[in-house]
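For the sequence shown, position 127 matches number 117 in this note's numbering, and the numbering has no gaps at all.
See structure below.
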Amino acid sequence: MHTRRLCLAASALLLSAYIVGLAPAAEQAAHKAPFVDSQTTKTRFTDITASDMELLRGKKILFASRSFGLNLCNGLKSLARQDKKYDLLSSYQRFDVFKAGGDVSVIPADAYDKTNFIHFLATYWPHTKRVDEMDRLMRAAPHRFGDKVDVVIIYFHTALPNAFDHYASKMDSLRADFPEVRFIYVTAGFMADSRAKDNENAHAFSEKVRARYKGKVPVYDLGAVLSDDFRAGHAYCPEYSKDPAGVHPNLDAGQTIMAKAFLLILRDVFRDK
-9 MHTRRLCLAA SALLLSAYIV GLAPAAEQAA HKAPFVDSQT TKTRFTDITA SDMELLRGKK
51 ILFASRSFGL NLCNGLKSLA RQDKKYDLLS SYQRFDVFKA GGDVSVIPAD AYDKTNFIHF
111 LATYWPHTKR VDEMDRLMRA APHRFGDKVD VVIIYFHTAL PNAFDHYASK MDSLRADFPE
171 VRFIYVTAGF MADSRAKDNE NAHAFSEKVR ARYKGKVPVY DLGAVLSDDF RAGHAYCPEY
231 SKDPAGVHPN LDAGQTIMAK AFLLILRDVF RDK
């Protein structure tokens, strides 16, 4: 009998240890970092409430892009015209670092005293420059925006796969050094199918982003958003653009899907614990 009780006690201890060991793994499996693609955006955008938008308007946003960021902002304006609830640009300023030759001082150091959403048009080439400009704004005096902002996003309309390591290293370092700031990782966008070489490079960059980060950190899958989850292949959907150069998703359908995905990932990162 004594031996049987010892065996039962040992079994109970082993079972408890097994359950405790499983708990963190189960919690990790259950929790996935925010992610948006085309389908997610189409099915969940209407979940965004007026309270969610009020929260977002109070957040300090730092956004770097080239011209696709302008398409995104056109989409935000379009959404706000359809329903004032979705307004995110009532406290917005844009600065052109590219025209200033990469001089980030065109952005006032006290910019966030006057506005909540700062958007800067970054240096175009090499694509890694916009990451360096973001890093400088976050860390260096007189800006030190890392102590002021709530969320950081860097947009790529296209990217070379060899830019990934620099992007990942800088973003990961910023995320480690500013744990109170949300960093949203973004895949590269697509252009028309006539720009196949650029699109394949962008897709290769994006596959690296997905492989390393999806489910682990917030990811805005711009490539998936613009291709309707690759229904259009590795290109943006034809109904998203009338650009004769085949570069910009400049029709309302393209711009608003970008904007909806943007609002959804923002909402989700601030809801996420």
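The beta-carbon is built from N, C-alpha and C at its ideal position, and this holds for glycine as well.
Bear in mind that the values here come from a model prediction, so they are computed numbers and not experimental data.
Whole-angstrom distance between residue j and residue i, CA atom to CA atom
| i | j | result |
| --- | --- | --- |
| Asp242 | Ser68 | 8 Å |
| Ser217 | Glu190 | 13 Å |
| Thr113 | Gly65 | 23 Å |
| Val199 | Met43 | 28 Å |
| Phe58 | Pro24 | 22 Å |
| Phe107 | Ala101 | 9 Å |
| His109 | Lys50 | 11 Å |
| Ala201 | Trp115 | 25 Å |
| Asp183 | Leu78 | 32 Å |
| Asn152 | Phe195 | 7 Å |
| Arg257 | Phe53 | 15 Å |
| Ala158 | Gly223 | 25 Å |
| Glu170 | Val96 | 26 Å |
| Asp37 | Val207 | 21 Å |
| Ala225 | Gly213 | 8 Å |
Own chain residues within Cβ distance below 6 Å of residue i, not counting five before or after
| i | result |
| --- | --- |
| Phe35 | Lys250, Leu254 |
| Leu264 | The first residue shown for the chain is -9 and the last is 263, placing residue 264 beyond what the model contains. |
| Val237 | Met181 |
| Asp211 | Asp27, Thr177 |
| Phe146 | Ala178 |
| Leu12 | Note that Leu12 scores 41 on pLDDT, short of 50, meaning its location in the model is unreliable; the coordinates nonetheless yield the value given after this. Once the five neighbours on either side are set aside, Leu12 has no close Cβ partner at all. |
| Asp86 | Leu111 |
Which of helix, strand or coil DSSP assigns to residue i
| i | result |
| --- | --- |
| Ala158 | helix |
| Tyr114 | coil |
| Ala15 | Low confidence applies to Ala15: its pLDDT is 39, below 50, so where it sits in the model is not reliable enough to give any reading. |
| Tyr226 | coil |
| Val237 | coil |
| Phe35 | helix |
| Ser163 | helix |
| Met43 | helix |
| Gly65 | helix |
| Arg71 | helix |
| Leu150 | coil |
| Phe220 | coil |
| Gly59 | helix |
First through last residue of the alpha helix (DSSP H) which encompasses residue i
| i | result |
| --- | --- |
| Asp242 | 242 to 261 |
| Arg84 | Segment 82 to 86 is the beta strand (DSSP E) holding Arg84; no alpha helix (DSSP H) there. |
| Asp134 | One point to set straight first is that residue 134 is Arg, not Asp, in the sequence displayed. First-last for Arg134: undefined, no H or E at that position. |
| Ala194 | 186 to 203 |
Range covered by the beta strand (DSSP E) that runs through residue i
| i | result |
| --- | --- |
| Tyr175 | 172 to 176 |
| Asp122 | Counting along the chain, Asp122 falls outside any beta strand (DSSP E), though it belongs to the alpha helix (DSSP H) covering 119 to 129. |
Opposing strand residues paired with residue i [DSSP bridges]
| i | result |
| --- | --- |
| Ile143 | Phe53, Ile174 |
| Phe107 | Ile51, Tyr82 |
| Val215 | DSSP output for Val215 lists no bridge partner at all. |
| Tyr273 | What is shown of the chain runs -9 to 263, which leaves residue 273 out entirely. |
Chain-order list of residues whose beta-carbon lies under 7 Å from that of residue i (same chain, five-residue window excluded)
| i | result |
| --- | --- |
| Asn240 | Asn61, Ser231, Lys232, Asp233 |
| Asp188 | Thr148, Met181 |
| Arg120 | Ala54, Ala112, Thr113, Ile144 |
Cut-off 8 Å between Cβ atoms - residues of its own chain near residue i, not counting five sequence neighbours on either side
| i | result |
| --- | --- |
| Ser80 | Arg47 |
| Thr31 | Val215, Ile247, Lys250, Ala251, Leu254 |
7 Å Cβ cutoff, residue i in contact with chain B
| i | result |
| --- | --- |
| Ala112 | This model lacks chain B altogether, as it is built from one protein chain only. |
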